[in-house]
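Right, one structure below, let's go through it.
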Amino acid sequence: MKRKIYYFVALFACFNFLSCSDENEDMLSSELSISSFYPTIVMDGTEVTVTGTSLNNVTEVVFPDGKSSTDITVVDDKLLKVIAPTDVSETAAPLVLRTTDSEVSSRQTIKKANPLFTSYVYSDNEGAVTGTELTVSGSDLLLVDKIRIFDENKTIEISSIEMIRKSNDAIKFTLPEDSPIGENVNVALVFKNGSSLSLPNVNIIEGSGGGTWVEQEVVLYEGEPVVTGGWAASAQIANAKLPELKAGDVIRVYISDVQSGAQGSLKCTAAGWPGIDTDFEYFEITQQDIDAGYYMCTLTENAIANLSGNDLIVSGQNYTINKVSVFTSVFVEDTDDAREPITDKTIILMDFETTEEHNASWDNSWTTGVELEFPTENNGNIYARLKTTVEGEIWLLNCNHVDRGTVNNIENYVVKFDLMIEEGVTGASQAAMQLILADNWLWVGQGFFPETTNGKWITVSYKVSDLNADLTGDFTFGTKTTGMYGSGIPAGINIDNLRLDPIE
Numbered sequence: 003m004k005r006k007i008y009y010f011v012a013l014f015a016c017f018n019f020l021s022c023s024d025e026n027e028d029m030l031s032s033e034l035s036i037s038s039f040y041p042t043i044v045m046d047g048t049e050v051t052v053t054g055t056s057l058n059n060v061t062e063v064v065f066p067d068g069k070s071s072t073d074i075t076v077v078d079d080k081l082l083k084v085i086a087p088t089d090v091s092e093t094a095a096p097l098v099l100r101t102t103d104s105e106v107s108s109r110q111t112i113k114k115a116n117p118l119f120t121s122y123v124y125s126d127n128e129g130a131v132t133g134t135e136l137t138v139s140g141s142d143l144l145l146v147d148k149i150r151i152f153d154e155n156k157t158i159e160i161s162s163i164e165m166i167r168k169s170n171d172a173i174k175f176t177l178p179e180d181s182p183i184g185e186n187v188n189v190a191l192v193f194k195n196g197s198s199l200s201l202p203n204v205n206i207i208e209g210s211g212g213g214t215w216v217e218q219e220v221v222l223y224e225g226e227p228v229v230t231g232g233w234a235a236s237a238q239i240a241n242a243k244l245p246e247l248k249a250g251d252v253i254r255v256y257i258s259d260v261q262s263g264a265q266g267s268l269k270c271t272a273a274g275w276p277g278i279d280t281d282f283e284y285f286e287i288t289q290q291d292i293d294a295g296y297y298m299c300t301l302t303e304n305a306i307a308n309l310s311g312n313d314l315i316v317s318g319q320n321y322t323i324n325k326v327s328v329f330t331s332v333f334v335e336d337t338d339d340a341r342e343p344i345t346d347k348t349i350i351l352m353d354f355e356t357t358e359e360h361n362a363s364w365d366n367s368w369t370t371g372v373e374l375e376f377p378t379e380n381n382g383n384i385y386a387r388l389k390t391t392v393e394g395e396i397w398l399l400n401c402n403h404v405d406r407g408t409v410n411n412i413e414n415y416v417v418k419f420d421l422m423i424e425e426g427v428t429g430a431s432q433a434a435m436q437l438i439l440a441d442n443w444l445w446v447g448q449g450f451f452p453e454t455t456n457g458k459w460i461t462v463s464y465k466v467s468d469l470n471a472d473l474t475g476d477f478t479f480g481t482k483t484t485g486m487y488g489s490g491i492p493a494g495i496n497i498d499n500l501r502l503d504p505i506e
């Protein structure tokens, strides 16, 4: 952390230190400069984002071989976007910014992309099987916008946001169930400027079954808390620990001891430790973040590319890092039932069946107007279904009539519930939810439910220690309230078996 020193010279000197990041100080410069730009390869008509200082005065951007562009959109004095001209050289050279009276060259280089195909890599020994992963290997693939798979009867497209991972040298995706089946199926890469590259034909085999994309929280760092101080400490997460990230995944940093002027930062170990994207280089930690106990950043394609082959650096100032995780979608193959089993160690909190100790008719909502119904499966199992969409804050479920006694070392338990989101339901992931355990309100917020389970039952899990690190030791339930509370919950949400399971 640098400190800017203002000198007031009279009979004595007085020093006043103001804390800020290294990047913040650079931004204060009034001279034309380039901090970074992305991407470092272009095609005719694709966009380049440039960060720096005094960019609001730029009138011309010069690409390799002297190719100039004036198609510039100035966002502010620190950010502009420029459209690449035609015929940029494939030989890398600095990017040049010009104003009416000055010029600056970048430290990075840029060039025209020359996309090449190397090979297909199949996750199934039989080859290209629907429902399995297929990787396209090559070079200069960063500007791929979608993959087109087609024959004379059918065409399907896989957008970049649906890809499991995209880097400059590899694109991994799941071959959709509705792909054309047969020999010599056409495959093409479609780039951001609309141009395309034909790949070798593939023989596509129909798989035995489909699957479901399910959002999961993958823990990246959970150990000794990192006290950032004044940009003095960070949590470095090895690239090998990162899952197959894709655009739309969310990094969540759990925080505590937040002091005045707190800033967060997500960088990578590329040369100069740049931000994984321009918005993540440094940012304020808001009161909403403090109340939630974490801040979150949604990964962009730029961020995914910058993390390819590099470690993730979580840093900042004036707060403590307790845990870092990423919420990502994983493909779960279809089974008759994806619910995790109930064991003899499970502590059931709410399951909607009536037993000698449990009058299930009390398991409902305390909020007037909330319509729950309780269907019965063929095996006699009863679950709760939200019949109508609710917008305002409501009790979705609650129970305060069953004493589950005292649980020892509650921090060593996981809260679980079975969930089925009916096909066609939208907006489930936007519901802002809280769990309540014996009058302890545990905020999760949006993302409590995944966006979809494709009409399949799954089990959702949250560690108690992640929900509230202060819940430790002996935990007494008594007849206090346990349940779910939230807002913006769509109809078609089905829930069963709210429970605790010990961490194995």
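Positions in the sequence shown are counted from 1; adding 2 to them yields my numbering. By construction, the Cβ of each residue, glycine as well, lies at the ideal position given by its N, Cα and C atoms.
Determine the contact status of residue i and residue j, defining contact as a CB-CB distance below 9 Å.
| i | j | result |
| --- | --- | --- |
| D251 | V146 | no |
| G232 | Q319 | yes |
| N205 | V192 | no |
| I239 | M298 | no |
| V76 | V98 | no |
| A307 | E286 | no |
| Y122 | D279 | no |
| V84 | E33 | no |
| T134 | K113 | no |
| S162 | E303 | yes |
| T474 | N411 | yes |
| V417 | L500 | yes |
| L502 | L469 | no |
| G494 | V427 | yes |
| T102 | S56 | no |
| I36 | G54 | yes |
| L351 | V404 | yes |
| L374 | R387 | yes |
| E413 | A471 | yes |
Within 10 Å of its beta-carbon, does residue i have 16 or more other beta-carbons around it, so buried, or fewer, so exposed?
| i | result |
| --- | --- |
| R406 | buried |
| V466 | buried |
| K347 | exposed |
| S107 | exposed |
| S104 | exposed |
| N312 | buried |
| V229 | exposed |
| D24 | Per-residue confidence for D24 stands at a pLDDT of 44, beneath the threshold of 50, marking its modelled position as unreliable; no derived number is given. |
| P276 | buried |
| K458 | buried |
| G196 | exposed |
| S508 | In the structure displayed, the chain extends from 3 to 506; residue 508 sits before or after that span and is not available. |
| T390 | exposed |
| T283 | The question names Thr, but residue 283 is Glu in the sequence shown. E283 should be labelled buried. |
| A430 | buried |
| A433 | buried |
I'd like to confirm the pairing. Which residues does DSSP put opposite residue i in its beta bridges?
| i | result |
| --- | --- |
| S267 | S317 |
| T330 | Q218 |
| Y297 | V255 |
| I36 | G54 |
| S559 | Any property of residue 559 remains undetermined from this structure, which presents the chain solely from 3 to 506. |
| R341 | Partner(s): none; R341 has no beta bridge. |
| E447 | In the sequence as displayed, the identity of residue 447 is Gly instead of Glu. Answer is M435, bridged to G447. |
| L374 | L388 |
| S161 | K148 |
| S141 | L118 |
With a threshold of 8 Å on Cβ separation, who are the neighbours of residue i within its own chain once the five nearest residues in sequence on each side are excluded?
| i | result |
| --- | --- |
| E393 | S489 and G490 |
| S141 | N116, P117, L118, T120, N170 and D171 |
| L199 | P117, F119, A190, L191 and F193 |
| P202 | F119, Y122 and V189 |
| L143 | P117, K168, S169, N170, D171, A172, I173 and L191 |
| M45 | A86, K114, A115, L145, F193, K194, N195 and S197 |
For residue i, I'd like the list of residues in its chain whose CB is within less than 6 Å of its CB, leaving aside the five on either flank, ordered along the chain.
| i | result |
| --- | --- |
| V409 | F477 |
| V131 | I207 and G209 |
| L439 | T484 |
| F152 | N188 |
| D73 | I85 |
| T137 | V123, A172 and K174 |
| K156 | P182 |
| D498 | Y385 and D420 |
| I292 | V260 |
Report all residues from its chain with a CB closer than 7 Å to the CB of residue i; omit the five preceding and five following residues, and keep chain order.
| i | result |
| --- | --- |
| P87 | F65, K69, S70 and S71 |
| V255 | G266, Y296, Y297, V316, I323 and V326 |
| E128 | I207 |
Would you call the segment 449-457 and the segment 371-384 in contact, with 3 or more CB pairs under 8 Å?
no
Does the segment 239-250 come into contact with the segment 218-226, if we say contact requires no fewer than three beta-carbon pairs (one atom in each stretch) closer than 8 Å?
yes
Decide if the segment 302-318 is in contact with the segment 256-276; the criterion is three or more beta carbon pairs, one per stretch, under 8 Å apart.
yes
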